[in-house]
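J.: Structure provided below as C-alpha cells; questions to follow.
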Amino acid sequence: MWGLPSFSRPEPELVGDRVVLRPPRTSDYRQWASLRRDSRAFLEPWEPRWAPDELERASWRQRLRRYRQDQADGTALAFLIFDRKAGHLIGGITLGNIRHGVSQSAHIGYWVGERFAGQGFMVDAVRLVAQYSFERLRLHRLEAACIPTNNRSARVLEKAGFQREGLLRSFLRINGAWHDHILFSLIAGDSPSDASTRKG
Numbered sequence: 001m002w003g004l005p006s007f008s009r010p011e012p013e014l015v016g017d018r019v020v021l022r023p024p025r026t027s028d029y030r031q032w033a034s035l036r037r038d039s040r041a042f043l044e045p046w047e048p049r050w051a052p053d054e055l056e057r058a059s060w061r062q063r064l065r066r067y068r069q070d071q072a073d074g075t076a077l078a079f080l081i082f083d084r085k086a087g088h089l090i091g092g093i094t095l096g097n098i099r100h101g102v103s104q105s106a107h108i109g110y111w112v113g114e115r116f117a118g119q120g121f122m123v124d125a126v127r128l129v130a131q132y133s134f135e136r137l138r139l140h141r142l143e144a145a146c147i148p149t150n151n152r153s154a155r156v157l158e159k160a161g162f163q164r165e166g167l168l169r170s171f172l173r174i175n176g177a178w179h180d181h182i183l184f185s186l187i188a189g190d191s192p193s194d195a196s197t198r199k200g
C-alpha cells in the first residue's frame, strides 16, 4: 500500500505532458527567489502577507526544513513545478492537511510565476497531483479554495475537474486581511482519466 513518501525513500517525481513536479531542493533557491521576486505584485493579492525576509536564503532553508518535516510526518507534500521541455521553474504546488482514516482527504494550494500564467501549465500540475493523491496515497477527496475575484485560479480548478461547492466566509487571512473563499472539490470517482499523463 502506497503512503506519503518520507525522506528515507526516493523523492517522488511526477511527469506530465508539459510539466515535471518534484520536491524543492537547496539548489533551487536562486531560481525560486528570482521567480518569486519578479512575480511579487502578481502574487501578493492572493497569498498570506510576505515576511520581510521572504526571499532570503535563510528563510528558504527554514522553508525546506518545514517541508521535510511535514513530509516525514505524512501531513503535507510540496512540489516545485518545472517546464518539462525548457527545464525552468514555473511555480509551486502543495498537497497539505493530508488526513487519513474516515476523511481520506487533502487540500491543494499552488502559485505560478507571472510570465507563465494562463498557459495551461498549472492545469497539468493540478491533474498530476490529483492523480498521485488518488492512486498513490489512496485519498478520496481533494479540496481547493480561492478568493471569489481570482478568476484565473477558479478556471484552473474547473479545467482540472474540480466542482464548486460553496462559499467559505472569512476563510483565510490573505495579504493582511480576512477573505471569503470559494470551495472546490474533486472526488476520486470524478477524476478525469488522462492516458497521456505519466508518473516518474
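For the sequence shown, UniProt numbering begins at 1 and goes up steadily by one.
Don't be surprised by glycine CBs; every beta carbon is placed ideally from N, CA and C.
From a predicted model like this one, the values you see are computed outputs, not experimental measurements.
(1) Could you have a look at Glu13 and say whether DSSP puts it in helix, strand or coil?
(2) Can you tell me which residues form a DSSP beta bridge with Gly120?
(3) Going straight from the alpha carbon of Phe116 to that of Ala72, what length do you get?
(4) Can you name the residues that DSSP bridges to Ser185?
(5) Counting beta carbon pairs with one atom in the segment 101-109 and one in the segment 27-40, are three or more of them shorter than 8 Å?
(6) Would the segment 81-93 count as touching the segment 46-55 if we require 3 or more Cβ pairs under 8 Å?
(7) Take Val19 and list the residues in its own chain whose beta-carbon comes closer than 6 Å to its own, dropping the five residues that flank it on each side.
(8) Tell me whether the segment 124-142 and the segment 88-96 touch, counting them as touching only if at least three CB pairs, one residue from each stretch, are closer than 8 Å.
(9) Give me the residue from Leu35, Tyr67, Arg155 and Gln163 with the minimum Cα distance to Ser185.
T.: Reading it off the structure:
(1) Coil.
(2) Here Gly120 is not bridged, per DSSP, to any residue.
(3) C-alpha separation (whole angstroms): 31 Å.
(4) Partner residues in the beta bridge of Ser185, as assigned by DSSP, are Glu143 and Gln163.
(5) Verdict: no, contact absent.
(6) Not touching, per the Cβ criterion.
(7) Apart from the 5 residues on each side of it in sequence, Val19 sits with its Cβ closer than 6 Å to the Cβ of Ile81, Arg84, Phe121, Asp124 and Ala125 in its chain, given in chain order.
(8) Segments in contact, yes.
(9) Comparing Cα positions, the closest option is Gln163.
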